[in-house]
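Just so we're aligned: 183 in my numbering is position 105 of the sequence shown, and the numbers increase by one with no gaps anywhere.
Glycine included, every Cβ here is placed at the ideal spot set by N, Cα and C.
Encoded as structure tokens, the structure appears first; notes follow it.
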Amino acid sequence: MTEAIKLVSKYGYNFKISKFKKDSKTFIEGDKLHYRTIPEGLLLLINDGPINEKKFKLTSTMIDLSRNQVFKLDYFKEVLVKHALLGFDEVWLYLEDTYEVKEYPKFGYMRGRYSKEELKELNIFANTLGITLIPCVQTLGHMSQFLKWFSTSPYKDTYDILKVGSPKTYELLEAMIKSLKESFNTTKIHVGMDEAFGLGFGRYYKENGYKPQPELFMEHLKKVNEICLKHGFKDVYIWSDMFFRMHSASESYYDPSITFNKAYTSQIPENVTLVYWDYYNSNQELIKGMLKRHLELGRNVAVASGTWVWTKLYYDKTKTDATALNLIEACEALDIKEINFTQWQDDGAYCLYDSIYLGMFDVVNKMHGNSLNKNVFKQISNLSYDLAVRNTKINDLGFLPINLLWDDIILGIYVNERYGYDYKLIDETLVKLENYLKEDLSAYVVLLTRYFYNKLKIRRTLLFNYQNKKSLKEVFSLLLEFEALSADILKAIKTRWLKNNKIFGLEVLESRLEVYKSRSFNLRYLINEYEEGKVDKLDFLEQPLTKEPYLSPKFSDMFYGTKVF
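As structure tokens, then:
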């Protein structure tokens, strides 16, 4: 504890207490801190008041370092300090291909992969804080970044799934796991294996014929587990969804009609922990039902929820409160002792990462019976709790912010879906945005809100003037503002990216946001063509519209009318 106190003091966190004793519970007696774990002790100190004991034995987060964002070491250390001060025991590092495997140079090539030395340095730092870093990797699916290369085709079943049963695949996996063991100071590993939908139906099928997915999956799990044990990883974790999906006619994780064959499930190695992940459900009956079904499988069960930053530009409190807080309650009711809060970064890691501390504070507060002082959050984030909550309301204004950010100002795939050609519906959202801008908000949230207002104003003006035969050139001044706001958003993203992350991955967001100036020019051109009578209509405002049951927030699905080749 003494070394942890010294370390956090370098980051501006100073505590008067100087006597410490390892104990079965965490409390302060006189001038002495009794602590169960170092992070729990730090949480008590920063709270500056008693905290209720949590029911969980092990709490953790998972940081996504595979969707372009790979933290620089200095920033990562700041992040770890804040995790420790919030009492987290572990931090899982989600690394698809962003770690060094020397025998495979295309593994993490141009993706900002961590070297063994970097990971060792992070492990030493985290251990001083009482945090264990856990490699959370993939050994079956979600391997498209590695498998995209022609030279990696021998390992490929489908575009993102490794070819099971192949000696070459297991040579690769052995090298991966060996490298991880040399880089991490733990005997625990998470080997992934989620969402492997096409398992056995790609090159495996062409080479070997049909074999039931459950058999392939179990054989592969056993083989991966053997490799892990061989290299000193005794506790092997996997995402549990494929056990459910493979036995569901609809491949649904939450299919209530699923039944398990005990002869099959008993083959799951006894050292394997099943991680039930649920980021979406708020129904207690459904959640508890899923937990009970996991417990019936006869293996250790851990749970993963999420603090919602993926598909978001700013942390989403409403979404997290509805899901994670409910999952905490269900776990407590069924005596689940281990919970993780994921921080996915789907489609490019564009969310303001520091906004996640509100979610982390809220889930920790929930686990400790709402006994934390809100000043804890302010010390960690340099924002008042109330200001952070106001910032998150950007997600609650009646539209999806990331969809609107990616929406093309000409095609308008998202605005067509959300508003159709009815400018009066857009007016309703514009009023909400105007009122939101009157509140006290952080500068970045103000910038985003102004951008959304401008973009919807452009569409509203186009629709109204086009439908009422008025000049469309009224849009031109709005387009100049649109270009300036787009440039400001890109500048804000680039500034924090270059400060906090390795350079790799920024090219994705730059290429998306830089194109908006060109699209603005094209819209002016189309308007001039129409105003000058060279065309008698604007085709993009004349397309028949139909509603989709779901619209993907991915840039490639939102921006383009054409499926990207």
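Same chain, Cβ closer than 7 Å to residue i, neighbours up to 5 away in sequence not counted
{"i": "residue 161", "result": "139, 169, 209"}
{"i": "residue 517", "result": "468"}
{"i": "residue 642", "result": "634"}
{"i": "residue 298", "result": "218, 242"}
{"i": "residue 229", "result": "184"}
{"i": "residue 331", "result": "319, 322, 323"}
{"i": "residue 587", "result": "426, 428, 571"}
Residue closest to residue i, alpha-carbon to alpha-carbon, out of the options
{"i": "residue 393", "options": "284, 537, 485, 466", "result": "466"}
{"i": "residue 581", "options": "122, 149, 89, 531", "result": "149"}
{"i": "residue 559", "options": "532, 611, 375, 99", "result": "532"}
{"i": "residue 596", "options": "336, 571, 561, 584", "result": "561"}
{"i": "residue 520", "options": "228, 432, 334", "result": "432"}
{"i": "residue 122", "options": "106, 136, 82, 192", "result": "106"}
{"i": "residue 632", "options": "482, 472, 537, 502", "result": "482"}
{"i": "residue 132", "options": "153, 152, 165, 154", "result": "165"}
{"i": "residue 147", "options": "423, 348, 91", "result": "423"}
{"i": "residue 84", "options": "104, 130, 159", "result": "159"}
{"i": "residue 553", "options": "547, 539, 129, 565", "result": "539"}
{"i": "residue 537", "options": "136, 450, 492", "result": "492"}
{"i": "residue 460", "options": "99, 82, 91", "result": "91"}
{"i": "residue 319", "options": "369, 192, 194", "result": "369"}
{"i": "residue 610", "options": "568, 549, 202", "result": "549"}
{"i": "residue 406", "options": "435, 388, 447", "result": "447"}
{"i": "residue 255", "options": "181, 546, 288, 317", "result": "181"}
{"i": "residue 118", "options": "89, 87, 503, 82", "result": "82"}
{"i": "residue 88", "options": "263, 203, 503", "result": "203"}
{"i": "residue 247", "options": "305, 619, 200, 259", "result": "305"}
{"i": "residue 317", "options": "261, 625, 214, 281", "result": "214"}
Helix, strand or coil at residue i according to DSSP, with G and I counted as helix
{"i": "residue 418", "result": "strand"}
{"i": "residue 179", "result": "coil"}
{"i": "residue 384", "result": "strand"}
{"i": "residue 192", "result": "strand"}
{"i": "residue 107", "result": "strand"}
{"i": "residue 79", "result": "coil"}
{"i": "residue 505", "result": "helix"}
{"i": "residue 161", "result": "helix"}
{"i": "residue 324", "result": "coil"}
{"i": "residue 399", "result": "helix"}
{"i": "residue 254", "result": "helix"}
{"i": "residue 275", "result": "coil"}
{"i": "residue 242", "result": "coil"}
{"i": "residue 226", "result": "coil"}
{"i": "residue 470", "result": "helix"}
{"i": "residue 438", "result": "helix"}
{"i": "residue 445", "result": "helix"}
Limits of the beta strand (DSSP E) - the one that residue i falls within
{"i": "residue 527", "result": "No beta strand (DSSP E) contains residue 527, which is instead part of the alpha helix (DSSP H) from 521–545."}
{"i": "residue 672", "result": "Nothing in the structure corresponds to residue 672, since the chain is present only between 79 and 643."}
{"i": "residue 172", "result": "168–172"}
{"i": "residue 350", "result": "350–355"}
{"i": "residue 316", "result": "313–317"}
{"i": "residue 210", "result": "210–214"}
{"i": "residue 112", "result": "110–113"}
{"i": "residue 135", "result": "Taken as a continuous stretch (DSSP letters only), residue 135 belongs to no beta strand (DSSP E), as it is neither H nor E."}
{"i": "residue 234", "result": "234–236"}
Other residues of its chain near residue i: CB distance less than 8 Å, five sequence neighbours each side excluded
{"i": "residue 401", "result": "356, 357, 358, 359, 360, 383, 384, 386"}
{"i": "residue 511", "result": "475, 527, 530, 531, 534"}
{"i": "residue 300", "result": "345, 347"}
Neighbourhood of residue i by C-beta, 6 Å cutoff - its chain only, sequence neighbours within 5 removed
{"i": "residue 97", "result": "109, 110"}
{"i": "residue 366", "result": "408"}
{"i": "residue 296", "result": "345"}
{"i": "residue 418", "result": "138, 140, 382"}
{"i": "residue 95", "result": "111"}
{"i": "residue 351", "result": "315, 378, 380"}
{"i": "residue 505", "result": "none"}
{"i": "residue 120", "result": "162, 163"}
{"i": "residue 462", "result": "456"}
{"i": "residue 388", "result": "422, 423, 424"}
Endpoints, alpha helix (DSSP H) assigned at residue i
{"i": "residue 555", "result": "553–578"}
{"i": "residue 456", "result": "452–459"}
{"i": "residue 372", "result": "362–373"}
{"i": "residue 116", "result": "116–125"}
{"i": "residue 343", "result": "340–343"}
beta-carbon residue i near the ligand NAP non-hydrogen atom, thresh 8 Å
{"i": "residue 284", "result": "Among the ligands in the structure shown, none appear at all, so the ligand NAP cannot be discussed."}
Segment contact, 8 Å Cβ cut-off, at least three pairs: the region 231–239 with the region 266–279: They touch, by the three-pair rule.
At least three beta-carbon pairs within less than 8 Å, the region 135–152 to the region 425–432: Yes, they touch.
Contact the region 565–576 vs the region 598–606: 3+ CB pairs below 8 Å: Verdict: no, contact absent.
Three-pair Cβ contact test at 8 Å for the region 184–195 versus the region 485–492: Touching, no, given that fewer than three Cβ pairs across the two stretches are closer than 8 Å.
Given 8 Å, three or more beta-carbon pairs between the region 169–182 and the region 450–457: The region 169–182, when compared against the region 450–457, does not touch it at the 8 Å Cβ threshold.
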